[in-house]
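> I have a structure I would like to understand better, so I am pasting it below and will then ask my questions one at a time.
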RNA sequence: GCCCCUGUAGUUCAAUGGAUAGAACAGGAGACUUCUAAGCUCUUAAUAGAGGUUCGAUUCCUCUCGGGGGCACCA
């Protein structure tokens, strides 16, 4: 609110400087002095001091304004109201393990979905599961052992032929024995994934399957011979580099299936935006896919956005389900759970570790550090929330809706906390616009940090001044609420006790 | 070989062309008759190298060196 106002008044971008410089700042160059004189003459009620330092103008909020803001509702800016946004994420493949890479995609996608919702959008959560294709044939060939199938495929020509034959049979369902193995394995996988989704707190509105969207993609490719051309028995697209869309067996590859998927998404939901969250290993491939999509369905391509995230890497190198060198999500969660004695704390710690850094960058997964419970961790945030709640509980007061006098909450640490609370809607908006959950994570950490310092310094319940105590409890209540909302946007639970 | 991403304290991460480059972990020091010590206070320590653009560069451009990923019938 005040930020926008300053922006209008100065015509410059309003930033948050270091606290000693002020509460807000604008860089205006050599005009700083002249402009500041003009602003001072206007006397802005929210601002009690304007200072020029070099080419900056620094603004200090008035205490009265800050205190008053404690009673605002800190509502999100619904700038995406009436928009429909599809968020696709997690995307595990049947017959393969749900590993920490899927966990990463899930944590990021879920947070993005929640941020969009907070900004007013109607969000459709979808996941895209590859239930047909060579990876499935490899697993079926090896009785469910994908790694073994992948190895044989690469090393043994005979196995390769058999696997290709199985792939074809899975598509046309011509072999009763294969059908049985396939159907049972698929069903078991989907049940397993469902448990993972539940454990991680994601509820999908729609499950897309390659077996269903593949034929639609195939039809699309065949309907556009001007885009997709035959080459060495396959059908390819010559984009930035050449990709195969239909293989020489006449079956759609992932590229063609993806065309079918995206067509279907728009047919079903008519979204204003369709976001696809995946690992960045397929970034370049997606580039080419988008090129083809622009030619075949320009309206869909225009509204589709690929959001690649970094990989969870082991210190030893890339994690690969092809070689069986994977850590499953369950394995990791159990390990942390054992340490923290709580499912919510364990999943929260893992999600926070993923979300606190920029989504494009890899995370080096160090067994010890990734399950840390000290410092800038999910545990710290949950601990802070639980402590705040504990203070409120012990106060014996349940209704904090009373007006307070301005003679309280005017200590520097109290004003600083409220100033940070004021930033909440801005942080949410920025995190949403930039598709950057780490901005939200940082906001929560800073709030928790302020809160921890506050209750270390101030013994709230021992206060002999009853009115001041009540005012401080209102502050504690509000900080707890915002912290919980912030954690919610990260998909992290806020238990009242940990 | 070609293409893309990346290089910030000992380590893992922040910083969208602006002020003295922020945190956490690890290391060092400390407070406490404690509303949850999973906490708090103080402290040591960094922009890979060389050019360029700019009033101003961790950020943009070029080259060198390091790390990762991708390069047609996997996803």
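Residue numbers (our numbering): 565 to 1062. Don't be surprised by glycine CBs; every beta carbon is placed ideally from N, CA and C. Bear in mind the structure is a predicted one, so any value in this text is a computation, not a measurement.
Less than 8 Å between the C-beta atoms of residue 669 and residue 680, yes or no?
In this structure, residue 680 does not lie closer than 8 Å to residue 669 by Cβ.
> Does the Cβ-Cβ distance between residue 1022 and residue 985 come in under 8 Å?
No, the Cβ-Cβ distance between residue 1022 and residue 985 is not below 8 Å.
> Determine the direct distance from the alpha carbon of residue 674 to that of residue 648, and round the result to whole angstroms.
Roughly 16 Å separates the two Cα atoms.
> Between the Cα of residue 575 and the Cα atoms of 796, 584, 587 and 596, which residue gives the shortest distance?
Among 796, 584, 587 and 596, the Cα nearest to that of residue 575 is on 596.
> For residue 756, which option in 678, 664, 656 and 676 has the closest C-alpha, if you only look at C-alpha atoms?
Among 678, 664, 656 and 676, the Cα nearest to that of residue 756 belongs to 656.
> Hey, residue 857 and residue 826: beta-carbon distance below 8 Å or not?
Closer than 8 Å, so yes.
> Would you mind working out which of 853, 771 and 746 sits nearest residue 791, comparing C-alpha positions?
Considering only alpha carbons, the answer is 853.
> Do residue 785 and residue 740 have their CB atoms nearer than 8 Å?
It is not a contact, given that the beta carbons lie outside the stated cut-off.
> Have a look at residue 573 and residue 1031 and give me their C-alpha separation to the nearest angstrom.
Cα to Cα, residue 573 sits roughly 38 Å from residue 1031.
> Which word fits residue 787, buried or exposed, when buried means at least 16 other C-beta atoms lie within 10 angstroms of its C-beta?
Residue 787 should be labelled exposed.
> Check for me: the beta strand (DSSP E) holding residue 693 runs from which residue to which?
Here the beta strand (DSSP E) through residue 693 covers 686 to 693.
> Below 8 Å between beta carbons: does that hold for residue 690 and residue 768?
Taking 8 Å as the Cβ cut-off, residue 690 and residue 768 qualify as a contacting pair.
> Starting from residue 905, follow its DSSP beta bridges and name the residues at the other end.
Paired residue(s): none; residue 905 is not in a bridge.
> In the DSSP assignment, what residue or residues form a beta bridge with residue 543?
Since the first residue shown for the chain is 565 and the last is 1062, residue 543 is missing from the structure and cannot be characterised.
> At the level of alpha carbons, what is the spacing between residue 1065 and residue 724?
A query on residue 1065 cannot be resolved here, the shown segment of the chain reaching from 565 to 1062 and no further.
> With DSSP run on the structure shown, which of helix, strand or coil describes residue 584?
Residue 584: coil per DSSP, three-state reduction.
> Grouping DSSP H, G and I as helix and E and B as strand, with all else coil, what is residue 719?
Helix at residue 719.
> Does the stretch 632 to 643 come close enough to the stretch 863 to 873 that 3 or more CB-CB pairs lie under 8 Å?
No, because fewer than three Cβ pairs between the stretch 863 to 873 and the stretch 632 to 643 fall closer than 8 Å, the two stretches do not touch.
> Comparing alpha-carbon positions, which option in 1029, 1025, 1047 and 993 lies nearest residue 683?
The candidate whose alpha carbon is nearest that of residue 683 is 993.
> Identify whether residue 608 lies in helix, strand or coil by the three-state DSSP scheme.
Residue state, collapsed to three classes: coil.
> When you compare the CB positions of residue 990 and residue 594, do they come within less than 8 Å of one another, or not?
Taking 8 Å as the Cβ cut-off, residue 990 and residue 594 do not qualify as a contacting pair.
> Is residue 1058 helix, strand or coil when you go by DSSP?
Residue 1058: coil per DSSP, three-state reduction.
> Does the Cβ-Cβ distance between residue 703 and residue 659 come in under 8 Å?
In this structure, residue 659 lies closer than 8 Å to residue 703 by Cβ.
> Can you find the residues in the same chain that come closer than 6 Å, C-beta to C-beta, to residue 922, ignoring five residues on each side of it along the sequence?
So the qualifying residues of the chain are 1002.
> Skipping 5 residues on each side, what residues in its chain have a beta carbon closer than 8 Å to that of residue 793?
Contacts found: 799, 800, 801 and 802.
> Nearest by alpha-carbon distance to residue 878: which of 961, 1050 and 892 is it?
It is 892.
> For a test of the three-state rule: what should DSSP assign to residue 747, helix, strand or coil?
If DSSP states are grouped into helix, strand and coil, residue 747 belongs with the helices.
> Check for me: the alpha helix (DSSP H) holding residue 850 runs from which residue to which?
Per DSSP, residue 850 belongs to the alpha helix (DSSP H) from 847 to 860.
> Looking at C-alpha atoms only, which residue of 1060, 835, 584 and 615 is the closest neighbour of residue 645?
When each option's Cα is compared against that of residue 645, the closest is 835.
> Using DSSP with H/G/I as helix, E/B as strand and the rest coil, what is residue 795?
Correct three-state label for residue 795: strand.
> Expressed to the nearest angstrom, what Euclidean distance is found between the alpha-carbon atoms of residue 899 and residue 979?
Distance between the alpha carbons of residue 899 and residue 979 is about 40 Å.
> Does the beta-carbon distance from residue 909 to residue 964 come in below 8 Å?
Not a contact, by the Cβ cut-off of 8 Å.
> Can the beta-carbon of residue 527 be found closer than 8 Å to that of residue 1011?
Residue 527 lies beyond the stretch modelled for the chain, which goes from 565 to 1062, so this question has no answer here.
> Considering only the alpha carbon of each residue, which of 1048, 665, 955 and 960 lies closest to residue 845?
The residue with the shortest Cα to Cα distance from residue 845 is 665.
> Report buried or exposed for residue 1028, applying the criterion of at least 16 other Cβ atoms within 10 angstroms of its Cβ.
Exposed.
> Does DSSP put residue 843 in a helix, in a strand, or in coil?
Strand.
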